[in-house]
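Sequence lines, in order, name chains H and F. The opening position of the first sequence corresponds to residue 1 in the numbering used here, with each subsequent residue numbered one higher. The opening position of the second sequence corresponds to residue 140 in the numbering used here, with each subsequent residue numbered one higher. Beta carbons: idealized from backbone N, C-alpha and C, even for Gly.
Protein chains: 2
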Amino acid sequence: MEASLKDRDYEQVLRKAGVRITRQRQVILRVLSEASDHPDAMELYQRASALDSSVSLTTVYRTLKLLQEKGEIHRHAFEGGPARFEPADSEHHDHLIDLDTGQVIEFESEKIEALQREIARELGYDLIHHRLELYGRKL
Amino acid sequence: MEASLKDRDYEQVLRKAGVRITRQRQVILRVLSEASDHPDAMELYQRASALDSSVSLTTVYRTLKLLQEKGEIHRHAFEGGPARFEPADSEHHDHLIDLDTGQVIEFESEKIEALQREIARELGYDLIHHRLELYGRKL
DNA sequence: ATGCACTTGCAAATCATTTGCATTTAAAAG
DNA sequence: CTTTTAAATGCAAATGATTTGCAAGTGCAT
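Okay, here's the thing in structure tokens:
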């Protein structure tokens, strides 16, 4: 299963950073790596505690923060709702949010990326990161 | 003063919408129209209550929501901080946030706008609105 | 002037997230 | 394997931003 491969990846990173691999963390890492949607903390908590009832929402939040700091996951605060998460392993991309369903669609545009860097530079800034979200409805 | 002109504008819109012009709202409208930075609710509350101590934070929030619904102001939830507001009268623009000072710089790029619409369409979506924020540091 | 629906301030509620603390546990050391 | 101990956990309470219930106050059409 690809999931266990990814789990291992997370664990390696965490171990290397001197972080203990607890039972709860294993479950959360598994759930995270199996998610292809962009779940929020509560959703992850529900999926995790279904596998192991000893997982608490607090630990989900703490683990998410940890992984975020290690750069293993990305946190997205989309409009009107809790933050949603996704593994960081894929290529950089931005998001289109379906206003009716909340579904998140990923896309990338090197043209836009380039324009952003150019604009920042023109304003005298070094672009550290950006947030580009499109909100739309199915045609 | 330009401020009083804008105040009047806000009042017209609100009156037309059947909204009562209270003393508190007048002060909040004035403070909003005089702001050229992008203040948050607490900042607006402080500026407003300095002019009229009867203004409460609750009313600031209620008025902001009201104006937002009428399309008179824009609310921006930038990363890591409370929402910030600005009058809606100017042209559409996006924002560059100085990571060190929190300063907000406005910019616009018709190229990026066009690309966004194009991307949404390619994904089968009608673009309703978007959020483009650049986070950077002075060169 | 008068009435009443709209507004207000305050306190309490909400929502997402974080933190304090006493208890448990991973995993390094022996 | 045991011991040791700093790190991690769950729970409850705290936070920060914003909203809401409610009793009291007030625009403004008549």
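Leaving aside the five residues that flank H/His38 on each side, the residues in its chain whose CB is nearer than 6 Å to its CB run, in chain order, Arg84, Glu86, Val104.
Sorting H/Ser33, H/Gly136, H/Arg117, H/Tyr135 by C-alpha distance to the C-alpha of H/Leu127 places H/Arg117 at the top. Taken in chain order, the complete alpha helix (DSSP H) segments of 4 or more residues contained in the segment 57-111 of chain H are 57-69. Proximity of H/Glu133 to chain F, defined by a Cβ-Cβ separation below 8 Å, is satisfied. A residue is called buried once 16 or more other Cβ atoms fall within 10 Å of its Cβ, and H/Thr59 is buried on that count. Cα atoms of H/Arg15 and H/Leu29: separation of roughly 13 Å, rounded to the nearest angstrom. When 7 Å is used as the limit between beta carbons, F/Phe246 is near these residues of chain H: Ile119, Leu123, in chain order. Taking C-beta atoms under 8 Å as the contact rule, F/Ile258 and H/Phe78 fail to qualify, at a distance of about 17 Å.
Spanning the alpha carbons of F/Asp237 and H/Ser54 requires a straight line of approximately 42 Å. Within 10 angstroms of the beta-carbon of H/Gly124 lie fewer than 16 other beta-carbons, which makes it exposed. When secondary structure is reduced to three states using DSSP, H/Leu127 falls in the strand class. Beta-bridge partners of H/Asp40 (DSSP): H/Arg84. Per the C-alpha coordinates, the member of H/Gly18, H/Ala17, H/Arg23, H/Ser36 positioned closest to H/Asp89 is H/Ser36. Against H/Gly136, the close residues of chain F are Ala259, Tyr264, Asp265, Leu266, Ile267, in the order they occur along the chain (beta-carbon pairs closer than 7 Å). Between F/Asp233 and F/Leu271, the C-beta gap is smaller than 8 Å, which places the two residues in contact. Contact check for F/Leu203 against F/Ala189 fails: the beta carbons are separated by 8 Å or more.
Straight across, the Cα-Cα distance linking F/Asp148 with F/Glu182 is about 22 Å. In the structure shown, the three-state DSSP call for H/Arg20 is coil. Chain-ordered, the chain F residues with CB closer than 7 Å to the CB of H/Leu99 read Ile267.
A direct Cα-to-Cα measurement between F/Arg159 and H/Gly80 gives close to 28 Å.
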